[in-house]
Structure formats: structure tokens, C-alpha cells
Amino acid sequence: MRFITADTHFNHPSILNSCKETRGHFKSIEEMNETIIRNWNNKVGGEDTVYHLGDIAVKMSNRPLFELLKRLNGKIVFVKGNHDDQITFNWLERGNYKYAKGKKFIFHEVGLIIKENKKEYYLTHYPMDLGYQSVKRRNFHGHIHGKTVDKESCLNVGVDSPETGNRPFGQPINWNEAVKLLEEKRKM
7 MRFITADTHF
17 NHPSILNSCK
27 ETRGHFKSIE
37 EMNETIIRNW
47 NNKVGGEDTV
57 YHLGDIAVKM
67 SNRPLFELLK
77 RLNGKIVFVK
87 GNHDDQITFN
97 WLERGNYKYA
107 KGKKFIFHEV
117 GLIIKENKKE
127 YYLTHYPMDL
137 GYQSVKRRNF
147 HGHIHGKTVD
157 KESCLNVGVD
167 SPETGNRPFG
177 QPINWNEAVK
187 LLEEKRKM
């Protein structure tokens with residue numbers, strides 16, 4: 007199965023205050039981190055793939071981040087967010103290992119496009135304006151936390167998103183469910 011998420015912000019020291027509505031109930035960053043890991047692993051299996059659309063962690067050194075990411079089920083395809091850097095991606099790539107018929111981690115600098123059912127799904131950190139091509143193009147993104155974009159072709163899939171339903175905090179959304187939510191948004 008495939009899943010999608012964004013904006014985990016592991017170890018981010020001020021995220022509990024800046025996202026009070028979704029993260030303010032956590033007593034500590036460690037509690038938030040462990041909740042995300044638990045809810046992720048309750049949904050994602052070892053053979054699954056998760057597209058993580060940026061902002062993995064903040065102020066977390068590479069070794070502890072690597073050890074944390076190893077605890078997450080599934081192969082993880084990362085798109086770089088504004089809080090991610092190439093140095094961290096390079097470090098994680100050097101430690102990358104064989105996992106479920108491939109590598110544990112795959113990295114994309116800007117985003118990627120998945121084509122299926124005669125549609126193009128743009129997976130990016132930032133919301134995109136797809137212009138007149140939005141008839142067949144869709145955008146899954148993060149970055150804006152507890153907000154939505156007033157475009158029927160965009161869906162915020164971040165852990166703080168108000169658009170992805172009432173899931174346990176940090177649990178990635180199933181790809182097919184995200185597609186369905188985006189199509190419902192387009193009809194409104």
C-alpha cells in the first residue's frame with residue numbers, strides 16, 4: 007500500500023506552541039515524536055511506501071534522526087521541505103540500507119509526479135498553482151500546517167492538515183483515501 011504525509015517536524019522545539027490546535031496537548035517533543043512513530047507504525051506495514059512531503063525534523067542531528075527514521079515502518083520517499091537540507095539528505099543516503107526490495111529511503115530535491123488513472127499527481131512540499139492544466143493535474147503538499155489552499159486541485163496532507171479527516175496524530179493518509187478526498191474537494 008501507499009501512504010502520504012508531510013510536516014512531522016520531529017524534535018522541533020517550538021512546534022508545540024506554533025501549532026497549538028494540533029500539537030499543543032503534547033507535554034514534550036519526545037511525547038509528540040513517540041506518538042507520531044506509534045500512529046505511523048499502527049497504519050503502515052513493512053512492505054508499504056510512504057511519501058513524506060517535507061519538513062522531517064528541525065534541530066535534530068543526523069545520527070538521532072537516522073535512528074528515529076529507522077523505527078518507522080515502510081520505505082520512505084522524501085521530498086525536501088523548507089526545514090530539510092541537502093546535507094541531511096546526503097548523510098541519510100550514506101547510511102541507507104536495503105529494505106523491502108529496494109532502499110529504505112529515496113530522496114527528491116523538489117518533488118515528483120505520479121501518473122495514474124489519466125491524472126498527474128504532483129507531490130511537493132509547497133502548494134502549487136497548476137493553472138489551466140488542473141483538469142488532469144493534482145497537487146498533494148504540506149507546508150501550511152492547519153490551513154487549506156483555496157484551490158480545488160490541491161490537498162494539504164500534512165499531519166496538522168484540517169483536510170485529511172480525523173486520524174490519529176501523525177498517521178499518514180492512505181493514498182487512495184487522499185485521492186478520494188481531493189476529488190471530493192474538486193466537486194465542491
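Note that the sequence shown covers residues 7 to 194 in my numbering. Even for Gly, the Cβ is constructed at its ideal location relative to N, Cα and C. Just so you know, these numbers come straight off a predicted model, no measurement behind them.
Exercise. State the Cα-Cα distance for the pair residue 171 and residue 8, rounded to the nearest angstrom.
Key: 17 Å
Exercise. Could you pull out every residue in the same chain whose Cβ sits closer than 8 Å to the Cβ of residue 121, ignoring the five residues on either side in sequence?
Key: 127
Quiz item: Per DSSP, residue 21 forms a beta bridge with which residues?
Solution: Answer by DSSP bridge pairing: none, since residue 21 is not bridged.
Exercise. Decide if residue 92 is buried, meaning its Cβ has at least 16 other Cβ atoms within 10 Å, or exposed.
Key: exposed
Quiz prompt | Beta-bridge partners of residue 106, as assigned by DSSP | solution = None; residue 106 has no bridge partner.
Practice problem: Can you give me the Cβ contacts of residue 19 inside the same chain, cut-off strictly under 8 Å, excluding the 5 residues immediately before and after it? | Solution: 35, 64, 65
Quiz item: For residue 126, which residues does DSSP report across the bridge?
Solution: 121, 143
Self-check item: Residues that residue 94 bridges to, as DSSP identifies them
Solution: None; residue 94 has no bridge partner.
Quiz item: Smallest Cα separation from residue 177: which of 187, 164, 186?
Solution: 164
Quiz item: Which residues bound the alpha helix (DSSP H) around residue 193?
Solution: 181-193
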